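Numbering (our numbering), first residue to last: 40 to 227.
A quick write-up on the structure given underneath.
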Amino acid sequence: KKENELGVKPMVNANRTYYFDPSKKIHHLRTPDNKKQNGSEGSYKKITRMDERFVQLEHKRKIPTTTQQKKSNDLSRELSKFESVCPALYVENNKLIAVNGGSEVSDEVKKGNIFTIKTFKDACEDLQGMHNAGIYMRDIKPSNLVVNKGKAKHIDTDFVVTNEYGNPRMFCGSRTNCTKDLLNKRTT
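Have a look at this one:
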């Protein structure tokens, strides 16, 4: 089948839609089995479907343009070399499907779970590798990290900046997770 406008090849089989990345940098994705009536929400997106392998998200407000969605897919392909980043692609207009990387660290902390430094080792090493490659994650917080089988992974790459992607002058992040110095720069 042909690539769609977002550079992804959809294929329907047994009432499921699978999506293939022609570059083969991201393993195939598929529409998750279960609809979510009251799925988790962030500031910009909400979970609309989810199963043990995949999560489907849609924007709550302003939907990115096709060009922005394609650029996001290009960034996901660039980030695919870092194992601690959960792969995600826009597969149709305003439909983002990601690999389900586990439970949000913020939810696990609320349950009283405690993590060792080893849980975050690979994610931190990949973060250093990203910085060395000129890639900067700018919204790292407990709700943008997931954990599964003792390993943390990054999710939500909306505010990543590279030489080709993102706006380095835009302030982003959550006020509750920013240092006082960053907040002061934002207000001055």
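We treat Cβ as the ideally placed atom computed from N, Cα and C, and that holds for glycine.
Quick caveat, the model's predicted, so the values are computed rather than measured.
query: For threonine 196 and chain D, any beta-carbon pair shorter than 8 angstroms?
result: The question asks about chain D, but that chain is absent: this structure has only one protein chain.
**Prompt:** Per DSSP, valine 200 is paired with what?
**Reply:** Tyr175
| said: Checking 8 angstroms against the spacing of the C-beta atoms, do lysine 109 and leucine 68 come in under that value? | reply: no
Worksheet item: Comparing alpha-carbon positions, which option in Glu203, Ile174, Leu184, Leu166 lies nearest serine 142?
Response: Leu184
Quiz prompt | Proximity winner among Gln107, Lys99, Thr201, relative to histidine 170 (alpha-carbon distances) | solution = Thr201
Taking 7 angstroms as the limit between beta carbons, can you name the residues of its chain near isoleucine 65, skipping five residues before and five after? Ser115, Arg116, Ser119, Pro126, Leu128
Between which two residues does the beta strand (DSSP E) harbouring valine 130 extend? 127 to 131
For this session: Please confirm whether any heavy atom of the ligand ADP lies closer than 7 angstroms to the CB of arginine 88.
Result: This structure does not include the ligand ADP; it has no bound ligands of any sort.
Requested in this report: Spatial neighbours of threonine 105 within its chain, please: CB distance less than 8 angstroms, with the 5 preceding and 5 following residues excluded, ordered by chain position.
Outcome: Glu44, Leu45, Asn132
What whole-angstrom Cβ distance do lysine 75 and arginine 88 have, given they're in contact under 8 angstroms?
6 angstroms
Helix, strand or coil at leucine 59 [DSSP, three-state]: Note on identity: in this sequence residue 59 is phenylalanine, with leucine being the wrong assignment. Phenylalanine 59 falls in the strand class under three-state DSSP.
Exercise. Using only alpha-carbon positions, find the residue among Ala53, Thr196, Ala162, Met50 that is nearest to glutamate 122.
Key: Ala162
Between the Cα of lysine 63 and the Cα atoms of Phe154, Asn112, Ala53, which residue gives the shortest distance?
Asn112
Item to check | Nearest to isoleucine 194 (by Cα), restricted to the options Glu203, Asn77, Leu166 | outcome: Leu166
query = Under three-state DSSP, which class holds asparagine 73?
reply = strand
### Task
Check whether the Cβ atoms of valine 94 and asparagine 139 sit closer than 8 angstroms, and answer yes or no.
yes
request  = Return the chain-ordered list of same chain residues with a C-beta closer than 6 angstroms to the C-beta of serine 79, the five sequence neighbours on each side being excluded.
outcome  = Ile86
Out of His98, Thr70, Lys99, which has the shortest C-alpha to C-alpha gap to glutamate 91? Thr70
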